[in-house]
Structures are given as C-alpha cells and as structure tokens.
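Taken in order, the sequence shown gives residues 86 to 231; the numbers are from this note's numbering. We put the CB at the ideal spot given by N, CA and C, even for glycine. Reviewing the structure listed below.
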Amino acid sequence: MRDRRDDIPLLARHFLERFCRTMEKPIEGISPEAMTRLESYDWPGNVRELENTMERAVALETGREISLKVLPDRIAGYSGSSIGVPEGQAEGFPVNGVDFEKEIAAAERRYLQAALEKAGGVRTRASEFLKISYRSFRHYAKKHNL
C-alpha cells in the first residue's frame, strides 16, 4: 500500500461501510484529520492491517464519523516527518500536556464498550476479548457504570 496511497481512502471507505453494516452503526464517514493519518501511515501489515484498523475504529466510534481518537496510537500519532515539531517535544504530544487519568479512564471505557458490543452484551465473552478475568471486567464495568 506504500506504493498505492491513492487506494487508501477507497479501501478505508469500503471497510467503513462493511463494518457499519455488520455492526449496525450509523457512522457516515471519516474525519479529514483521521483520513490524513490513514493516508500517511506506512501500513506494514498492508490491506489486512487497514481492514483491522477500520473494524476497530467502527467498534469504538461513538460519533457520526471516524475520528483520530479511535485510531490506534501508532497511526493517530504518526506524522511522517518532524517538520513543525519544536526541538525536544515528543511528536504528537500535546503542547499543554495531558490529563493522564482522564485519558486512561476514557480508553478503559472505550475498550469495555467495544468488547461488550463485540460480545453481544455477554460479559464473560467481553472479558475474554479483553484478556482479563471476569472479576476484573466486573470491576471496570462498575467503575464506568456499564
């Protein structure tokens, strides 16, 4: 896919439509920022990696379009070059810092919701998808009111 970057938007939209249909999600498109990141990523896993990325994004997205927040960090944080990044600042890290606890809690909740959705609401299966014990799953579900 590195040599055929023009195919990335077409494939991404194809996978988006397919997974929206199977998961019955009303997602209408991909945000320009997310599409830019998808197009600039090198895709070492080729089409299969893009397919898996779009499946994950559809499962996690709660809005009307795929956003950067549901893309894996390796893609969402990828910039292709360090132009415009101040010296000494990590690429993709917010200038004003980040509320670490809030971000971790949001990620936990997204993963719990996606696992529950994939498991059809069956909590034991959701815990298996997350590779955690059922007891841990119950703890996190209670913590996030799920």
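Which of helix, strand or coil DSSP assigns to residue i
| i | result |
| --- | --- |
| E150 | strand |
| I189 | helix |
| I93 | helix |
| I160 | helix |
| D88 | coil |
| A199 | helix |
| K216 | coil |
| S102 | In the sequence as displayed, the identity of residue 102 is Glu instead of Ser. Helix, per DSSP. |
Contacts around residue i, its chain only, beta-carbon distance under 6 Å, and the 5 residues preceding and following it disregarded
| i | result |
| --- | --- |
| S212 | Y219, F222 |
| A190 | none |
| R149 | E113 |
| I151 | I115, A119, A142 |
Own chain residues within Cβ distance below 8 Å of residue i, not counting five before or after
| i | result |
| --- | --- |
| P157 | T138, R141 |
| L123 | I93, P94, A97, I115, L135, T138, L156, I160 |
| R208 | L201, Y219, F222, R223, A226 |
| E193 | Y225, K228, H229 |
Contact belief for residue i with residue j at Cβ below 8 Å, rounded distance in angstroms
| i | j | result |
| --- | --- | --- |
| E146 | I112 | 6 Å |
| L231 | Q198 | 7 Å |
| A204 | R195 | About 15 Å; that fails the 8 Å criterion. |
Contacts around residue i, its chain only, beta-carbon distance under 7 Å, and the 5 residues preceding and following it disregarded
| i | result |
| --- | --- |
| C105 | I112, V143 |
Bridge partners - residue i, DSSP secondary structure assignment
| i | result |
| --- | --- |
| G114 | E150 |
Is it a yes or a no for the stretch 127-137 touching the stretch 203-223, going by three-plus beta-carbon pairs under 8 Å?
no
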